[in-house]
Amino acid sequence: MAVASTASAQPQFIASTGNRSFSNAPLIEDTDTEQIVVPDKTSWKNLFAYMGPGFLVSIAYIDPGNFETDLQSGAQYKYGLLWIILVASCAALVIQSLAANLGVVTGKHLAEHCRAEYPRVTNFILWVLAEISVVACDIPEVIGTAFALNMLFNIPIWIGVLLTGLSTLILLALQQYGVRKLEFLIAFLVLTIAGCFLAELGYAKPDATEILDGLFVPQLKGNGATGLAISLLGAMVMPHNLFLHSALVLSRKIPRSVCGIKEACRFYMIESGFALMVAFLINVSIISVSGAVCNSPDLNAENKMNCQDLDLNKASFLLRNVLGRWSSKLFAVALLASGQSSTITGTYAGQYVMQGFLDLRLKPWLRNFLTRCLAIVPSLIVAVIGGSAGAGQLIIIASMILSFALPFALIPLLKFTSCKTKMGTHANSTAISALTWIIGSLMMAINLYYLMSRFIKLLLHSHFKVVGIVFLGILGFSGMGLYLAGIAYLVFRKNKEATHLLALTTPESRQTETGQQGPGSMYHLEREDIISMQLPQKRSTEDID
Numbered sequence: 002m003a004v005a006s007t008a009s010a011q012p013q014f015i016a017s018t019g020n021r022s023f024s025n026a027p028l029i030e031d032t033d034t035e036q037i038v039v040p041d042k043t044s045w046k047n048l049f050a051y052m053g054p055g056f057l058v059s060i061a062y063i064d065p066g067n068f069e070t071d072l073q074s075g076a077q078y079k080y081g082l083l084w085i086i087l088v089a090s091c092a093a094l095v096i097q098s099l100a101a102n103l104g105v106v107t108g109k110h111l112a113e114h115c116r117a118e119y120p121r122v123t124n125f126i127l128w129v130l131a132e133i134s135v136v137a138c139d140i141p142e143v144i145g146t147a148f149a150l151n152m153l154f155n156i157p158i159w160i161g162v163l164l165t166g167l168s169t170l171i172l173l174a175l176q177q178y179g180v181r182k183l184e185f186l187i188a189f190l191v192l193t194i195a196g197c198f199l200a201e202l203g204y205a206k207p208d209a210t211e212i213l214d215g216l217f218v219p220q221l222k223g224n225g226a227t228g229l230a231i232s233l234l235g236a237m238v239m240p241h242n243l244f245l246h247s248a249l250v251l252s253r254k255i256p257r258s259v260c261g262i263k264e265a266c267r268f269y270m271i272e273s274g275f276a277l278m279v280a281f282l283i284n285v286s287i288i289s290v291s292g293a294v295c296n297s298p299d300l301n302a303e304n305k306m307n308c309q310d311l312d313l314n315k316a317s318f319l320l321r322n323v324l325g326r327w328s329s330k331l332f333a334v335a336l337l338a339s340g341q342s343s344t345i346t347g348t349y350a351g352q353y354v355m356q357g358f359l360d361l362r363l364k365p366w367l368r369n370f371l372t373r374c375l376a377i378v379p380s381l382i383v384a385v386i387g388g389s390a391g392a393g394q395l396i397i398i399a400s401m402i403l404s405f406a407l408p409f410a411l412i413p414l415l416k417f418t419s420c421k422t423k424m425g426t427h428a429n430s431t432a433i434s435a436l437t438w439i440i441g442s443l444m445m446a447i448n449l450y451y452l453m454s455r456f457i458k459l460l461l462h463s464h465f466k467v468v469g470i471v472f473l474g475i476l477g478f479s480g481m482g483l484y485l486a487g488i489a490y491l492v493f494r495k496n497k498e499a500t501h502l503l504a505l506t507t508p509e510s511r512q513t514e515t516g517q518q519g520p521g522s523m524y525h526l527e528r529e530d531i532i533s534m535q536l537p538q539k540r541s542t543e544d545i546d
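Numbering (the working numbering), first residue to last: 2 to 546.
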């Protein structure tokens, strides 16, 4: 088979054709593509081949939106809400492991499963919600990066928002090097953030005994503690992360034996656990630094006022005034690393969402340009009109949008991984299914409460007349009714589409699954579209012999 490369006439939109049932086949054929092959032998050394996707996923737990929530938590309640971070991190590990298992076992990521399972209208709505969540995720990254540039170089916020568009060039430069290089870069940025806040802890010197007490003794003291705890939980699991994780695990070429699949699922859970532990320590450090600084007895009146309504921008001035200039610079470097790394993972999550739901792939520069424009436009308008305070409020609105979209990614994931027609013998056990549904239900209930309370607070504090408030209330609660109906549809709808597991797609692998050695390869059909992190070029039928 000969494949002709026609780089001079590349279409802006690339759509797959043919039967949907063959979507497990490689999307491109390139013998030079960097492949991460896991050895076909049981060994703890295989763990190093699986290292990487967890760090890309962990970025969502330390993005600028999480920074702001953590800062407010520490400023208002010192170390009293650290236990929320511990609980949320454990729950996140369970949910992210399910996303990884789905990709490993079936060879398809979450968005592709949704396209195969749901009717076209439902599939389109899920795609729109997923795209909205990607844009909402990008807004805090844009604003966080703009704040960081302001802290480091005194660049106005609105100019910083425009400069974040230059990260498009960085992304395009990265795409030619493959997923492994990208994973190393993200791991470096995560460790940079960790190093900055480790140094901040040295400046702030929080009380270790009080930190341990906050971690392991649940408490909700003071007015507003419950609302802030809900914000912390809601900011932890992002809908786009579930699509991303289930796709990134396809970059490994794993043995398709029962032992090989189980080993991959186990090592991905360990790898995710390590990356999320680093993210957990970073979140604990942010809360600890904020708690130590804002509860210092030496604060003057101005710094006390900043602590009452602490955001990303005020945090820099607070740290500089209390701990010194270098402390402020370290915070800015950590924020810049967080914003840029979140930009990278968010863009690729959007790419997989579009490819999976629509079987349509945009050119990389076009996809990133559209996503970034949708995030920059509202950020720029708010930054120009409302300044840094308005930009900080936009981060809160973005977190509300993410909370709104979470059930429409989480419910399909829980249903697919518990379904034996999709996962075969690797489906969740009854105990795991019960645990994950409890965790998922609590997350959705918390997010619903967060949305409802925010909406009611908005109505009560609005400046509209009574008629306007009533109209908005009717409109809002009607929308909430439709929202709950959509969630109920996903929960109670039975799965209809069976997945042909990659382990059972060839005679050789069927023999492997039953314990017999076949003459063919024990590896699954590799997904070079995931491995290279670039989009395949369209091949016409006349180019193939």
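All C-beta atoms in this analysis are idealised placements derived from N, C-alpha and C, irrespective of residue type, glycine included.
Can you give me the start and stop residues for the alpha helix (DSSP H) that residue i sits inside?
{"i": "S463", "result": "First-last for S463: undefined, no H or E at that position."}
{"i": "I412", "result": "P408 to T418"}
{"i": "Q73", "result": "P65 to Y78"}
{"i": "H246", "result": "P240 to L249"}
{"i": "I287", "result": "V259 to C295"}
{"i": "G357", "result": "R326 to L359"}
{"i": "R135", "result": "The sequence shown places Val at residue 135, not Arg. Looking at the DSSP string, the run of the alpha helix (DSSP H) that includes V135 is R121 to F154."}
{"i": "V492", "result": "V467 to F493"}
{"i": "H114", "result": "L111 to E118"}
{"i": "M306", "result": "A302 to Q309"}
{"i": "P54", "result": "P54 to S59"}
{"i": "L84", "result": "Note that residue 84 is Trp in the sequence shown here, rather than Leu. W84 -> alpha helix (DSSP H) spans L83 to T107."}
{"i": "V323", "result": "L313 to V323"}
{"i": "G215", "result": "A209 to F217"}
{"i": "K423", "result": "K421 to M424"}
Measuring straight from C-alpha to C-alpha, what distance separates residue i and residue j?
{"i": "Y269", "j": "F68", "result": "26 Å"}
{"i": "V105", "j": "L251", "result": "7 Å"}
{"i": "G487", "j": "D310", "result": "36 Å"}
{"i": "A92", "j": "I440", "result": "7 Å"}
{"i": "D64", "j": "V135", "result": "13 Å"}
{"i": "I288", "j": "E201", "result": "11 Å"}
{"i": "D214", "j": "L229", "result": "19 Å"}
{"i": "I86", "j": "L234", "result": "7 Å"}
{"i": "F217", "j": "A410", "result": "30 Å"}
{"i": "G53", "j": "S59", "result": "10 Å"}
{"i": "L245", "j": "V385", "result": "33 Å"}
{"i": "S404", "j": "T422", "result": "30 Å"}
{"i": "A209", "j": "V290", "result": "12 Å"}
{"i": "A293", "j": "M306", "result": "16 Å"}
{"i": "R267", "j": "G166", "result": "38 Å"}
{"i": "A50", "j": "L331", "result": "32 Å"}
{"i": "S90", "j": "E272", "result": "14 Å"}
{"i": "S22", "j": "H114", "result": "Residue placement at S22 cannot be trusted, given a pLDDT of 41 that sits under 50; the coordinates are not used to answer."}
{"i": "L503", "j": "V259", "result": "In this prediction, L503 has a pLDDT of 49, which is less than 50 and means its spatial position is unreliable; what the coordinates show is noted afterwards. Their backbone Cα atoms lie some 12 Å apart in a straight line."}
{"i": "F275", "j": "I475", "result": "46 Å"}
{"i": "P298", "j": "V323", "result": "11 Å"}
{"i": "V354", "j": "A131", "result": "7 Å"}
{"i": "L491", "j": "L127", "result": "11 Å"}
{"i": "L94", "j": "T193", "result": "22 Å"}
{"i": "L415", "j": "R253", "result": "23 Å"}
{"i": "A428", "j": "L381", "result": "46 Å"}
Helix, strand or coil for residue i? Go by DSSP, reduced to three states.
{"i": "V162", "result": "helix"}
{"i": "V39", "result": "coil"}
{"i": "A236", "result": "coil"}
{"i": "S430", "result": "coil"}
{"i": "Y178", "result": "coil"}
{"i": "P157", "result": "coil"}
{"i": "P379", "result": "helix"}
{"i": "K46", "result": "helix"}
{"i": "Q220", "result": "coil"}
{"i": "G196", "result": "helix"}
{"i": "N448", "result": "helix"}
{"i": "G225", "result": "coil"}
- prompt: With contact counted as at least three CB pairs below 8 Å, one residue from each stretch, are the region 69–78 and the region 282–298 in contact?
  reply: yes
query: Counting Cβ pairs closer than 8 Å, one from the region 107–122 and one from the region 314–331, do we hit at least three?
result: no
query: If we count Cβ pairs, one from each stretch, closer than 8 Å, do we get three or more for the region 144–152 versus the region 339–346?
result: yes
- prompt: Would you call the region 445–460 and the region 469–489 in contact, with 3 or more CB pairs under 8 Å?
  reply: yes
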